[in-house]
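Take a look at the structure set out below.
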Amino acid sequence: MKLLKKNGFVPFLLLSVFLIVILALMARSMESVALYTKNYTWLVIAGVVLFLLLLFQILYYLLQLVSSVRKRRVGSRLNARMMLFFSGLSIIPIVLFFVFSSALLTRSIDSWFDESLDKGFDDALALAQSALETRRLDALQITQYVGNRVAYLSYLDLAYQIESLRSEVNAMDIAVFDQHGRYLAASSKDINQILPERPDNVILISVMQGMDYVWLEPLMNGDMRVRVIIKVGQDNPRIIQAFYEIPQYYTTLGESTQESVEKYKQYKALRGPLKDNMLFLLSMVTFLSILLALGGSFFASRRLVNPITRLSLATKSISEGRFHRTIRVKSNDEIGFLTHSFNEMVLKLRESHDAEKSSQRLLEAQRAYLATILSNLSSGVLVISNRGYIRTFNEAALSILSVGSEALQAIHVYEQKAIPEGGSSFIETLVQLISKVDTKENQRTEITRNVNGMLQILTIRVSEQRDSEGVLIGFIVVFDDITQLINSEREAAWGEVARRLAHEIKNPLTPIQLSAERMQLKLAGKLDEKSEALVEKSTKTIITQVNAMKEMVNAFSQYARAPKLNLKQLEMNQFVEDVFYLYEDSLAKISTKLIKYPTPLYTIGDEIRLRQLLHNLLKNSVEALEESGATDGEVVVSLDQIDDKTLVLSVADNGIGISQETAEKMFEPYVSSKTKGTGLGLAVVKKIVEEHNGSIAIHSGGEKRGTTVEVHLPLHY
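With the working numbering as the guide, the letters of the sequence shown map in order to residues 24 to 740.
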């Protein structure tokens, strides 16, 4: 099988040659009955075996071709069409030749054994036998003539005349015997022969009984002679034996006639098998011709199609971007010229492709350099086409806008489709800035938007992007998140205000409180009951308000100063539980619930500051529930992990809730939704969260729908 796959033409050629030799030997053996009966069977067996091998090879090639056509391999269908075409051109004449040849062969064989031919052979044989019989009769008459001459001669005369009589009748040998078979006289043409051959006693007895003996005998040199033995005389009988030479012409004619007749009879006896075998041989020759036509057409079509197949495969490789494949030129014909031209084209394409790849590598290097620059920029960058599609952006843009890359790519600026939540104001501002680019007006602005419950302040700049010919191809948008900067400036300003207020207010508070207490002490028992009650009520009011102002001053001081943090690792489940239980025991009218995370959550933080953070959040929720007067108030504290780097502390209540506008400003100083709040609780919480590298967000379903505050802190294991 490997040989068939590697070089199938060699086995095909060898089998074809062997089969032709076998068929030639079969035809040769049919010329001789001896060869036919001896070798024909073995030749048929060998021929059938070789035919089966050749048929197997042809079927193997055909199955290969059919499989290639089904698998749609390149060149297989053209190979099949050409093979069918060549096979059809060859097989149709072969079949016609077989039909007419078989009919002609049948008629010819029948004509070989016609009845007239049988009669002719019989007549020829009879004629040859008649000629020999005539020669025998002539020999008998001559011998009788000699017998009459020597029948009564004396022994002396007999010996004297025997030689002359032999010469007269032209005999080879003449011998005279007495009745007992003893030699009386003899003469021979051969001088080396002393006495002629003596007949057997049986023949002598038969002759003495009156029978003449005339017989044809072969000689050592292939000729024949007539042997005649007769009896002469009555009283004293003698036996005459004479040998006469038969002319070679008679011998040759008789033998050839006899041989021809015998051969004809043998062929006639094999007439039926001969006809069948001749037809079988013709069928094998025809079948071999068909197989040779199929095999030859297969190899011829494959040889013709192979260059085209290689060209097709090479063309496909080039279409797929592989320019290294060339084809070896094996001929000087048109296909060779086409192959040479193809190789030249591939060489030019390869050079062009290499130049293009070099340019592409340079372009990719420039893009990578630009991408590196963009990725290292803290500012967000967008490149927008003149049709409004976002073509390029950097990671900072995704981070600032809080969107994914797919969502950002889906945005169409002019149609404002697929805009992420919180992005409407950003897109609207872009459209306004783009429309003013060609008016030479200011293309820089700031916007404030809400992202996940938090305010974000962006500064946006837009510029044109034009090609080398000055045609507008798009716009470049650069924007920065200045929220932290604004908040830092605002917090610094509020901190300065808080420090000054604390300093200016705290100094007179103690004298006021002491003066009120002294007044109450000095006037006690010196006024009437009504006046004393009025003084006591007034002094208590002053003292209460002074204490409230002290608390507010302490809050101002706490907000203004930046204490040194004492950082350590805290397990948040246990930490929150310890603080939560302080409130759980003190709140009778409010339902509290703690949802811990199933596994430990560790962070690095200042225990006192984080305790103050949780205290402020719980206090805000409790005060909001008390102010709402709800009888089914509930505070839920929960811990969760959103990824392997961040934990979430949530404090939720079902109190009065806040509006969206208020939620956006809740972390600013002196902003509160409660009537008695100082407005610094959540501001302090936000400051503590920022001290711990975290983030905070507030969510509310609106007024009377509760509020949830989420604190995100980094995990540290």
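From the three backbone atoms N, C-alpha and C, an ideal C-beta is built for every residue, glycine too.
> Taking buried to mean at least 16 other C-beta atoms within 10 Å of its own C-beta, is S306 buried or exposed?
Replying inline: Burial call: exposed.
>> Just to check my reading of the structure: D676 and S644 have Cβ atoms closer than 8 Å, yes? What is that Cβ distance to the nearest angstrom?
In response: Beta-carbon to beta-carbon, D676 and S644 are separated by about 4 Å, close enough to satisfy the 8 Å threshold.
> So the beta strand (DSSP E) M247 belongs to, where does it begin and stop?
Replying inline: In the DSSP annotation of this structure, the continuous segment of the beta strand (DSSP E) that includes M247 starts and ends at M247 to V255.
> From L163 to A182, what distance separates their C-alpha atoms?
Replying inline: So the alpha carbons of these two residues sit roughly 22 Å apart.
> Under 9 Å, do H722 and E733 count as touching if we go by C-beta distance?
Replying inline: Yes, the pair counts as a contact, with Cβ atoms nearer than the cut-off.
> Can at least three beta-carbon pairs, one atom from the region 239–248 and one from the region 207–219, be found at a separation below 8 Å?
Replying inline: Output reads no: the region 207–219 does not touch the region 239–248.
>> Please identify the residue among Q507, M542 and A209 whose C-alpha is closest to the C-alpha of F690.
In response: That would be Q507, whose Cα lies nearest to the Cα of F690.
> Thinking C-beta only, is L593 closer than 9 Å to Y620?
Replying inline: Against a cut-off of 9 Å, the Cβ pair of L593 and Y620 comes out as no contact.
>> By alpha-carbon positions, which one of H739, R261 and D377 ends up nearest to D666?
In response: Measuring C-alpha to C-alpha distances from D666 to each of H739, R261 and D377 identifies H739 as the nearest.
> Bridge partners of R484, per DSSP?
Replying inline: Under DSSP, R484 takes part in a beta bridge, and its partners are R467 and V501.
> Relative to the C-alpha of K668, which residue among P737, R728 and I627 is closest?
Replying inline: A check of alpha carbon separations from K668 across P737, R728 and I627 identifies P737 as the nearest.
>> If you measure between the beta carbons of Y437 and R472, is that distance less than 9 Å?
In response: Result no, Cβ atoms of Y437 and R472 do not sit closer than 9 Å.
>> Can you tell me which residues form a DSSP beta bridge with W65?
In response: As DSSP reads the structure, W65 sits in no beta bridge.
> Expressed to the nearest angstrom, what Euclidean distance is found between the alpha-carbon atoms of Q488 and R414?
Replying inline: Going by the C-alpha atoms only, they are around 12 Å apart.
> In or out: V173 buried (at least 16 other Cβ within 10 Å) or exposed?
Replying inline: The residue is buried, with at least 16 neighbouring Cβ atoms inside 10 Å.
>> Let me confirm a value: N193 is counted as buried when at least 16 other C-beta atoms fall within 10 Å, else exposed. Which label applies?
In response: The residue is exposed, with fewer than 16 neighbouring Cβ atoms inside 10 Å.
>> Using the three-state DSSP reduction, which class does F416 fall into: helix, strand or coil?
In response: Three-state DSSP puts F416 in a strand.
>> Within a Cβ cutoff of 8 Å, which residues of the same chain sit near E469, ignoring the five residues on either side of it in sequence?
In response: Close CB contacts of E469 within its chain, under the 8 Å cut and outside five residues either way in sequence, are with I480, L481, T482, I483 and I505 (chain order).
> Which whole runs of the beta strand (DSSP E) in the region 655–688 are 3 residues long or more, in chain order?
Replying inline: List check, beta strand (DSSP E) in window: 657–664 and 669–676.
>> For N419 and S335, what's the separation of their Cα atoms in angstroms?
In response: As written in the sequence, residue 419 is Ala, which differs from the Asn given in the question. Approximately 50 Å between the Cα atoms of the pair.
> So I613 packs on G656, CB below 8 Å; how close in whole Å?
Replying inline: In this structure I613 touches G656 by the C-beta definition: roughly 4 Å separates them, less than 8 Å.
> By a C-beta neighbour count over all protein chains shown, 10 Å radius and 16 as the cutoff for buried, is A709 buried or exposed?
Replying inline: The question names Ala, yet the displayed sequence has Lys at residue 709. With 16 or more other Cβ atoms within 10 Å, it is buried.
> Three or more beta-carbon pairs under 8 Å between the region 69–85 and the region 38–54, yes or no?
Replying inline: By the C-beta criterion, the region 69–85 is judged to be in contact with the region 38–54, since at least 3 inter-stretch pairs fall below 8 Å.
> For A441, which three-state DSSP category applies?
Replying inline: Residue confidence is low: A441 scores 44 on pLDDT, short of 50, so the model does not pin down where it sits. Its coordinate-derived value is still stated next. Reduced to three states, the DSSP call for A441 is coil.
> With distances taken from CA atoms, which of G256, I114 and Y606 is nearest V308?
Replying inline: I114 is the residue among G256, I114 and Y606 whose C-alpha sits nearest the C-alpha of V308.
> Could you give the residue range of the alpha helix (DSSP H) that holds R261?
Replying inline: No alpha helix (DSSP H) holds R261; the beta strand (DSSP E) holding it covers R261 to E268.
> In terms of alpha-carbon separation, which member of F321, S673 and S401 lies closest to M105?
Replying inline: Among F321, S673 and S401, the Cα nearest to that of M105 is on F321.
> Can you find at least 3 beta carbon pairs, one from the region 398–407 and one from the region 376–387, that sit closer than 8 Å?
Replying inline: No: the two stretches stay apart, fewer than three of their Cβ pairs being nearer than 8 Å.
> Three-state secondary structure (DSSP) at T622?
Replying inline: Coil at T622, not helix or strand.
> Looking only at its own chain, which residues have a Cβ that is under 7 Å from the Cβ of D629, when we skip the five neighbours before and after it?
Replying inline: Closer than 7 Å at the Cβ level, and outside the excluded window around D629, lie L588, N589 and L590.
> So is I631 buried or exposed if we call it buried at 16+ other beta carbons inside 10 Å?
Replying inline: That one is exposed.
> Is DSSP giving G233 helix, strand or coil here?
Replying inline: Coil, per DSSP.
> Between L119 and L361, what straight-line distance do the alpha-carbon atoms span, to the nearest angstrom?
Replying inline: Spanning the two alpha carbons is a distance of roughly 40 Å.
> Going by C-alpha distance, which of D663, L127 and T654 is nearest P623?
Replying inline: Among D663, L127 and T654, the Cα nearest to that of P623 is on D663.
>> Using CA atoms only, rank isn't needed, just tell me which of K286, G233 and I269 is closest to I263.
In response: When only C-alpha atoms are compared, the closest one is G233.
>> Can you look up A209 in the DSSP assignment and give me helix, strand or coil?
In response: Three-state result, A209: strand.
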